[in-house]
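Take a look at the structure below.
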Amino acid sequence: MKVQHYKATDQNPNLNDYDKVYENFNWDEIEKNFSWSETNKFNMAYECIDKHVEDGYGDKTAFIYKNDDEKSTYTFKDMQIASNKAANVLKNEAGVEKGDRVFIFMARSPELYFSLLGTLKLGAIVGPLFEAFMEKAVKDRMENSDAKVIITTPELVGRIPVDDLPNLEKVVVVGETDNNDQVDFNAAFDKASEDFDIEWLDKEDGMILHYTSGSTGQPKGVLHVQYAMVQQYITGKYVLDLKEDDVYWCTADPGWVTGTSYGIFAPWLNRATNVVVGGRFSPESWYGAIDELNITIWYSAPTALRMLMGAGDEVLKQYDLSSLRHILSVGEPLNPEVVKWGMDVFNLRIHDTWWMTETGAHMITNFPAMDIKAGSMGKPVPGVEAAIIDDSGNELPANRMGNLALKSGWPAMMREVWKNKPKYDSYFVGEWYVSGDSAYKDEDGYYWFQGRVDDVIMTAGERVGPFEIESKLVEHPAVQEAGVIGKPDPVRGEIVKAFIALREEYDESGELKEEIRVFVKEGLAAHAAPREIEFKDKLPKTRSGKIMRRVLKAWELNLDAGDLSSMDDD
Ligand code: WTA
């Protein structure tokens with residue numbers, strides 16, 4: 001197939017020059033942008049908010065929150081006060097101290113952002129959770145991290161299994177609560193002091209704990225530290241091309257790493273105006289937000305872009321989207337036809353970016369001033385070294401497919417898998433961090449994504465572990481065993497498909513499929529519920545009893561299942 005190239009045009013002279021940025025790049029120089037390079041006093045929330053107030057930007061708009069017809073706007077000074085108040089609430093009403101794990105479990109709202117910054121001001125570690133999580137998903141994560149406090153809303157509070165979480169000391173509710181054991185956030189916030197003494201930290205102190213799914217075992221807690229800010233700041237500047245006058249919109253929820261690294265930290269470290277749009281996706285609400293708020297930089301994901309593409313030109317024509325000057329994408333492979341669509345409708349290139357929860361920040365991207373090869377993830381960002389390696393850690397030559405790996409030691413790299421040192425260690429082969437993705441590098445140094453080496457499913461940009469879904473499925477009384485795979489899907493990248501062997505006393509039926517689907521949706525999370533279920537008499541398993549997802553995938557795609565020597569076929 002012929003690769004379409006899109007040249008870096010001169011339509012925007014502000015765009016960062018890839019080669020110039022690369023010259024003499026070193027992390028020590030980047031550190032000098034921060035006052036802590038001299039004082040050694042770290043706090044992410046300070047660098048995002050208070051610093052800008054001190055530098056005279058208190059009146060500049062920091063944050064715009066939009067949800068349907070509701071819109072609120074906050075300056076950096078407003079954000080300083082709101083995060084101070086939230087910190088005081090958490091300290092005085094919930095006893096939060098440095099190093100505690102504080103979970104935030106709510107839909108996007110201004111209070112989510114105030115309390116996240118407030119938690120950081122206390123030196124505590126934030127654990128963001130998707131609002132879609134049901135009881136088991138919430139419990140597994142809070143239990144693993146011994147969470148002390150959770151901040152939530154009346155709609156979600158019932159999903160927190162308080163009695164099963166002995167280390168949980170306080171539930172903070174943003175909204176009505178008549179339970180005296182809970183903290184009424186709004187009431188306490190109104191009375192809280194506007195002043196707060198920020199807790200100063202060390203650069204290696206924990207900051208945020210994102211739980212993410214692997215193919216086996218429970219979700220793992222990926223810990224990032226304060227020092228990650230160096231890379232989040234500089235990639236915000238060079239890759240997102242954030243300038244002070246930009247109105248920037250990252251569409252990701254903070255339950256996902258993109259919604260924190262690039263939905264909170266990068267824009268505010270760069271003093272940009274950060275937009276958050278609540279509510280559900282629709283072409284009207286998304287185009288409407290760009291039009292109404294004059295968004296200049298937009299960071300989204302292939303699934304959403306494909307949905308917008310599918311919604312057609314009629315809806316597009318109703319909005320003025322000419323404020324946009326830079327568009328980026330993350331989370332799944334960005335199809336060449338989406339890049340082409342972007343050129344057609346916005347006259348802008350869509351810049352793919354590749355990274356992971358574990359990497360904390362951008363690793364391989366299409367720089368604004370680079371030529372884009374449609375379908376490629378781009379090249380490593382300055383300060384990051386990537387390679388394609390074989391399973392023993394040897395670098396492979398150009399155009400050979402292998403493991404996408406990164407040389408250990410970039411600033412935003414995870415420091416720990418919570419309480420699981422063996423898991424952390426298993427990511428590394430020698431000096432290389434092995435991503436779990438397979439890819440190749442072409443003769444010009446561009447990287448091309450091929451797939452996940454393991455069985456992790458990427459559906460609509462969300463990473464779901466088959467194991468977690470399978471575990472939930474077998475809790476259903478009708479399910480004997482279950483195997484889950486990602487089935488290629490033109491819109492969502494992949495959909496969750498479950499193969500299920502029923503217990504003898506149950507009969508196959510459409511109603512039972514629906515019942516099982518709802519069971520996962522309500523027990524785990526909506527995005528984890530299988531969109532397709534296929535009943536089988538028996539599932540392929542290894543002799544050790546592990547379901548062979550690779551065989552399920554081969555069935556699905558009508559491929560040869562490969563080496564079946566470990567299969568138990570009696
Ligand atoms: C996939 C998301 C293709 C990949 C920030 C990776 C991508 C996983 C891209 C991490 C991309 C992310 N092209 N695939 N541009 N970006 N991925 O941890 O498989 O939710 O390993 O972090 O998403 O997902 P995670």
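Under the UniProt record's numbering, the sequence shown has 47 at position 47, and the numbering climbs by one with no breaks.
All C-beta atoms in this analysis are idealised placements derived from N, C-alpha and C, irrespective of residue type, glycine included.
Sheet register partners of residue i (DSSP bridge)
i: Y433; result: L406, F428
i: S329; result: S300, D352
i: N399; result: Beta-bridge pairing links N399 to no other residue.
i: A289; result: Paired residue(s): none; A289 is not in a bridge.
i: A387; result: A405
i: H5; result: K373
i: K541; result: I547
i: I485; result: K497
i: T152; result: F105, V173
i: S438; result: N403, G451
i: T365; result: T353, K379
i: F535; result: I500
i: L129; result: F105
Backbone CA spacing between residue i and residue j [nearest angstrom]
i: A124; j: G206; result: 8 Å
i: K66; j: T258; result: 19 Å
i: K497; j: N180; result: 43 Å
i: I485; j: A387; result: 28 Å
i: M377; j: P477; result: 44 Å
i: P380; j: K541; result: 39 Å
i: I533; j: A439; result: 30 Å
i: L559; j: V551; result: 9 Å
i: K340; j: H351; result: 12 Å
i: E508; j: G214; result: 30 Å
i: V453; j: D437; result: 5 Å
i: R415; j: V315; result: 45 Å
i: N26; j: G383; result: 6 Å
i: T56; j: K421; result: Just to set this straight, residue 56 is Gly in the shown sequence, not Thr. About 44 Å.
i: L129; j: Y238; result: 29 Å
i: H326; j: Q182; result: 44 Å
i: M142; j: G95; result: 17 Å
i: R400; j: E70; result: 51 Å
i: A369; j: M79; result: 33 Å
i: A137; j: P154; result: 18 Å
i: P283; j: V277; result: 13 Å
i: L539; j: N403; result: 29 Å
i: R517; j: I500; result: 12 Å
i: Y18; j: F367; result: 6 Å
i: G58; j: K51; result: 9 Å
i: L165; j: M134; result: 15 Å
i: E97; j: R531; result: 42 Å
Anticipated Cβ contact below 8 Å, residue i with residue j, distance rounded
i: T357; j: H210; result: 5 Å
i: D291; j: Y319; result: 4 Å
i: I49; j: S72; result: Between S72 and I49 the Cβ distance is about 16 Å, and since that is not below 8 Å, they are no contact.
i: V3; j: A374; result: 7 Å
i: A266; j: T235; result: 7 Å
i: Y447; j: K441; result: 5 Å
i: I547; j: E470; result: 7 Å
i: K139; j: N43; result: With a Cβ gap of about 30 Å, K139 and N43 do not count as contacting.
i: T212; j: R549; result: In fact, because the Cβ distance is near 18 Å, the residues do not count as touching under 8 Å.
i: F467; j: G217; result: 6 Å
Contacts around residue i, its chain only, beta-carbon distance under 7 Å, and the 5 residues preceding and following it disregarded
i: D489; result: I495
i: I81; result: E194
i: A304; result: T251, F281
i: K521; result: A529
i: M309; result: V338, W341
i: A188; result: V89, E93
i: W36; result: F42
Own chain, CB closer than 8 Å to residue i, minus 5 neighbours either side, in chain order
i: P302; result: S329, G331, E332, P333, L334, N335, V338, G461, G493
i: M343; result: Y6, R349
i: L557; result: P488
i: Q232; result: S261, Y262, F265, A266, L269, G360, A361, A412
i: E169; result: A94, G95, K148, V149
Residues near residue i in its chain [Cβ-Cβ closer than 6 Å; skip 5 each side]
i: Y227; result: K203, P411
i: M458; result: E332, G493, E494
i: V118; result: Per the sequence shown, the amino acid found at residue 118 is Gly instead of Val. Answer for G118: S83, A86, A87, L90, listed in chain order.
i: E443; result: A398
i: G451; result: S438
Neighbour flag for residue i against chain B, beta carbons, 8 Å
i: V230; result: The structure shown contains no chain B; it holds only a single protein chain.
Ranges of the alpha helix (DSSP H) found wholly within the stretch 87-127, counting only runs of at least 4: 110-121
Ordered list of alpha helix (DSSP H) runs contained in the stretch 16-83, each at least 4 residues: 18-22, 27-31, 36-39
Uninterrupted beta strand (DSSP E) stretches inside the stretch 206-294 (no shorter than 3 residues): 206-212, 220-225, 247-250, 273-277
4 or more residues per run - each alpha helix (DSSP H) lying fully within the stretch 168-194: 185-191
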